[in-house]
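**Student:** Residue numbers (the working numbering), protein chains in the order written: chain A, 10 to 211; chain B, 10 to 211.
Ideal Cβ placement from N, Cα and C applies to all residues, glycine included.
#1: In the region 60 to 90 of chain B, which residue ranges form an unbroken alpha helix (DSSP H) of at least 4 residues, counting only runs that do not cross its ends?
#2: For residue 123 (chain A) and residue 42 (chain A), what's the separation of their Cα atoms in angstroms?
#3: Taking a contact to mean a Cβ-Cβ separation below 8 angstroms, would you say residue 175 (chain A) touches residue 143 (chain A) in this structure?
#4: Alpha carbon to alpha carbon, how far is residue 172 (chain B) from residue 119 (chain B)?
#5: Run down chain A in chain order and give the residues with a C-beta less than 8 angstroms from the C-beta of residue 39 (chain B).
#6: Distance, Cα to Cα, residue 39 (chain A) vs residue 21 (chain A)?
#7: Chain A partners of residue 85 (chain B), CB-CB under 8 angstroms?
#8: Rounded to whole angstroms, what's the CA-CA distance from residue 148 (chain B) to residue 139 (chain B)? Just pull it up for me.
#9: Please report the distance separating the alpha-carbon of residue 169 (chain B) from that of residue 198 (chain B).
#10: In terms of residue numbering, what span does the alpha helix (DSSP H) encompassing residue 25 (chain B) cover?
#11: Counting only Cβ pairs nearer than 9 angstroms, list the residues of chain B close to residue 26 (chain A).
#12: With DSSP as the reference, label residue 188 (chain A) as helix, strand or coil.
#13: Could you tell me which residues DSSP pairs with residue 41 (chain A) in its beta bridges?
#14: Which residue marks the beginning of the beta strand (DSSP E) containing residue 150 (chain B), and which one marks its end?
#15: So, with DSSP's three-state summary, where would you put residue 178 (chain A)?
#16: Please determine if the region 59 to 75 of chain A and the region 109 to 119 of chain A are in contact, where contact requires at least 3 C-beta pairs separated by less than 8 angstroms.
#17: Residue 111 (chain B) CB to nearest chain A CB: under 8 angstroms?
#18: Please state whether DSSP places residue 115 (chain A) in a helix, a strand or coil.
#19: Can you name, in chain order, every residue of its own chain whose Cβ lies under 6 angstroms from the Cβ of residue 126 (chain B), other than the five neighbours on each side?
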């Protein structure tokens with residue numbers, strides 16, 4: 010007895026393939042859409058298709074940009090500081106840093122992170138275009154803003170060894186207690202970092 | 010400075026409209042799809058569209074069915090028991106009950122629940138088609154399988170008062186401790202129901 014008609018089951022399967030969406034959430038979404046107005050489903054379908062067809066990557070920093078545009082808005086901007094380059098793993102990281110409003114330099118998106126276990130070496134991510142970019146257009150400082158994870162640290166170390174010889178200052182984002190955090194609940198590594206990176210108060 | 014190109018932002022907005030998906034999950038999904046192969050997005054888009062165009066409701070029980078089919082598989086089946094009718098709120102409830110394999114009767118999907126606060130009365134859900142169905146084709150027993158919530162209980166009470174005068178036996182799903190549950194952690198209402206509904210052991 011087929012309790013779920015095929016078109017509904019297909020949608021449940023398609024949702025289940027997304028990260029963080031299990032079979033239960035997938036059915037909940039499918040049955041919600043079944044009850045909701047057609048527009049909600051069709052808008053989502055249209056958005057999915059046009060995201061794939063209407064976006065591309067910036068030729069310079071590899072952030073996402075509109076298809077047909079060579080450079081992203083940030084690279085094309087004349088008001089941003091050309092002497093600062095922030096290296097991040099993913100486009101989402103650019104958005105997070107932009108949201109702070111505290112950074113006025115430019116970006117380079119690696120589109121991934123070194124991970125020997127998953128077979129991702131320097132050739133698989135945008136490391137060589139970054140080194141090429143720095144050789145052609147040296148900057149004053151490169152800020153390595155990879156994630157504070159094992160892979161992020163490995164990638165930062167690799168980049169640091171490649172960029173320092175070019176005579177460019179290299180920095181990393183500060184590690185320590187998150188704002189609003191609790192020392193009591195901080196994990197051991199974070200607390201160790203916060204101690205070793207303590208800053209003197211004048 | 011536009012950090013997220015419009016096509017990506019549109020997809021994030023479309024995902025955010027789904028229940029249980031906030032802005033953060035929506036961006037995570039959108040950026041995942043951006044990196045994933047085109048197929049994943051296109052399959053989801055196609056599944057969304059075809060679910061809306063290729064499904065319809067069973068003329069008899071109001072469960073979902075393929076467009077063009079008058080009756081769903083369960084209503085059309087000749088092997089199911091015609092003397093038992095299980096009344097549920099949503100198509101998902103049919104699937105849950107089917108999954109148990111413990112029920113061989115037919116169904117009626119109310120497509121909602123009575124909720125005076127939200128202005129949902131008997132006319133807004135499939136109550137009259139149910140009463141009509143019972144008058145034309147009386148069954149031996151109606152099992153009221155609405156949710157054990159305030160609205161579900163109200164709906165069940167309303168239905169019970171309408172169905173009993175037709176001379177049809179009416180039953181409700183048992184309330185009590187969930188299997189695998191802990192008395193220690195059971196809420197007060199569940200425990201009260203489990204006590205008042207206790208069954209003698211012979």
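**Tutor:** Taking the definition as stated:
#1: 82 to 85
#2: 39 angstroms
#3: yes
#4: 15 angstroms
#5: 60
#6: 6 angstroms
#7: Within 8 angstroms Cβ-Cβ: nothing; residue 85 (chain B) doesn't reach chain A, min ~10 angstroms.
#8: 12 angstroms
#9: 22 angstroms
#10: 15 to 25
#11: 45, 49, 52 and 53
#12: coil
#13: In the DSSP output, where bridge partners are listed per residue, residue 41 (chain A) has none listed.
#14: 150 to 153
#15: strand
#16: yes
#17: no
#18: strand
#19: none
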